[in-house]
Structure formats: C-alpha cells, structure tokens
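Novice: Right, I'll just put the structure down here and ask away after.
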Amino acid sequence: TVKIKASPGPDERAGTLEVRAISPKITLEERARISFLSNSACFGIDLVLPENSIDANFAVGKKYSLFIGNRSSVGQEVRLSSDNPYLRFANEKATVEAGSRKEVNFFVTPPYDLAESAVITITAATERGFKTSTSIHLIASPRAGFGQGNKLAGAVGA
Numbered sequence: 517t518v519k520i521k522a523s524p525g526p527d528e529r530a531g532t533l534e535v536r537a538i539s540p541k542i543t544l545e546e547r548a549r550i551s552f553l554s555n556s557a558c559f560g561i562d563l564v565l566p567e568n569s570i571d572a573n574f575a576v577g578k579k580y581s582l583f584i585g586n587r588s589s590v591g592q593e594v595r596l597s598s599d600n601p602y603l604r605f606a607n608e609k610a611t612v613e614a615g616s617r618k619e620v621n622f623f624v625t626p627p628y629d630l631a632e633s634a635v636i637t638i639t640a641a642t643e644r645g646f647k648t649s650t651s652i653h654l655i656a657s658p659r660a661g662f663g664q665g666n667k668l669a670g671a672v673g674a
C-alpha cells in the first residue's frame, strides 16, 4: 500500500501543489505549479452577431440570427435575454453541445415613432452561471417616419 498525500506547499502559495508518496522503503516528494482553469475556459460561451446594426426602417417582419458558441467540454443549456422590449427571440433557451455552435433567430419590432437610435444588449447565461453579452445597434433614420419622433404622427393627424 502506498499512501499519497496532496496539499498546498509549505509556502501556501495559490497554484502550488505538493505531493508526497510514502511506502515502507521509499518516500517521494514533488512540488508542482498548478494552473487553474477559469470559468470561461471550462464553461465559456460566445455570442456572435453576423450584423452589428439593424435599420429600423426594414426591421419589422425580418428574421435575424445570432450564434451561440460553446467552448466547453460539456453540453450546456443557454438562456437568452435582452434589455430592450423591441427584441424577441424565437427561442429563449438553447442547448448547445460541447465544442459546437447553434443558431438562434430573433425579431426586432421597433415602434413607428422611434425617436432615436438605440443600443440593444443581448445576454446569454448558462445553467452553470457563466454570462456573456453583445450589443446590436438599432438605427432610426428619417425615412418612413423613424427618427421623427411624434412630429410625423401629429402632422398626419392634422
């Protein structure tokens, strides 16, 4: 029988491990530097938007996509959310297998009287607590009433 004991080294520095193996005839000791993996290395995900801006004039009824990349070695359930009520996901949850990526569709429905451009933040969170986010710009231009605020609505009713 060989007894093996592993503990932090005597200087108790993080990332150093001391291993001692003792048998009736021999004792061995080794110290090694341990590189701990961060949560992002173990359970990291990426959000990729093929387009970083959306023209509000053409957004209604158009399907947009984003991709969730899973850098981990295990499949993960990812929940998507947005900080803006104009954006809706086709599915707010997606299961992404280890080392793969999954396409998720979303739709943007800006109000007719959108006064100015907006930044929409999309956040993805895994069941293991890892979060990441990305942003897309919703651009309001004067065409078709966007960027005019309520001025155009008042002129039409006059």
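Just so you know, we're using my numbering here: the sequence shown kicks off at 517 and counts up by one.
Beta carbons are placed, not taken as given, at the ideal position from N, Cα and C, and that holds for glycine.
#1: Kindly indicate which residue of 597, 599, 619 has the alpha-carbon position closest to the one of residue 564.
#2: For residue 605, list the residues DSSP reports as bridge partners.
#3: So the alpha helix (DSSP H) residue 574 belongs to, where does it begin and stop?
#4: Please confirm whether residue 594 and residue 610 have their CB atoms less than 8 Å apart.
#5: Buried or exposed for residue 586, going by 16 or more other Cβ atoms inside 10 Å?
#6: Flag this pair as touching only if the region 622 to 630 and the region 574 to 590 have three or more C-beta atom pairs under 8 Å; answer yes or no.
#7: With burial defined as no fewer than 16 other Cβ atoms inside 10 Å of the residue's Cβ, what is the status of residue 642: buried or exposed?
#8: Verify whether the separation of the beta carbon atoms of residue 581 and residue 655 is less than 8 Å.
#9: For residue 585, which beta-bridge partners are listed by DSSP?
#10: Start and end of the beta strand (DSSP E) containing residue 635?
#11: Taking DSSP as the reference, what is the three-state secondary structure of residue 630?
#12: Just to confirm the assignment, what range does the beta strand (DSSP E) spanning residue 657 have?
#13: Using DSSP bridges, identify the partner residues of residue 594.
#14: Distance, Cα to Cα, residue 559 vs residue 589?
Specialist: Concretely, from the data shown:
#1: Position 48 of the sequence shown, counted from the first residue, corresponds to residue 564. Minimum Cα distance to residue 564 is reached at 619.
#2: Counting from one through the sequence shown, the residue named residue 605 turns up at place 89. Answer is 622.
#3: Along the sequence shown, one-based indexing puts residue 574 at 58. Unbroken alpha helix (DSSP H) run through residue 574: 572 to 575.
#4: Along the sequence shown, read from residue 1 onward, the residue named residue 594 stands at position 78. Along the sequence shown, read from residue 1 onward, the residue named residue 610 stands at position 94. The Cβ-Cβ distance between residue 594 and residue 610 falls below 8 Å.
#5: As a working mapping, residue 586 is identified with position 70 in the sequence shown. By the neighbour-count rule (16 or more Cβ atoms within 10 Å), residue 586 is buried.
#6: yes
#7: Taking the first residue of the sequence shown as position 1, residue 642 is located at position 126. Looking at its Cβ environment, which holds 16 or more other Cβ atoms inside 10 Å, residue 642 is buried.
#8: Against the sequence shown, residue 581 aligns to sequence position 65. Against the sequence shown, residue 655 aligns to sequence position 139. Between residue 581 and residue 655, the C-beta gap is not smaller than 8 Å, which leaves the two residues out of contact.
#9: For the purposes of this step, residue 585 is taken as the residue at position 69 of the sequence shown. 562, 617, per the DSSP bridge assignment.
#10: Translated into positions along the sequence shown, residue 635 becomes position 119. Element bounds for residue 635: 634 to 642.
#11: Taking the first residue of the sequence shown as 1, we reach residue 630 at position 114. The answer is coil: DSSP assigns residue 630 none of H, G, I, E or B.
#12: Position 141 of the sequence shown, counted from the start, is the residue given in the question as residue 657. It is not in any beta strand (DSSP E) - residue 657 carries neither H nor E in the DSSP assignment.
#13: Working through the sequence shown from its first residue, we reach residue 594 at position 78. For residue 594, which the question treats as bridged, DSSP gives the partners 610, 642.
#14: On the sequence shown, position 43 is the one that residue 559 refers to. On the sequence shown, position 73 is the one that residue 589 refers to. Rounded to the nearest angstrom, the two C-alpha atoms are 8 Å apart.
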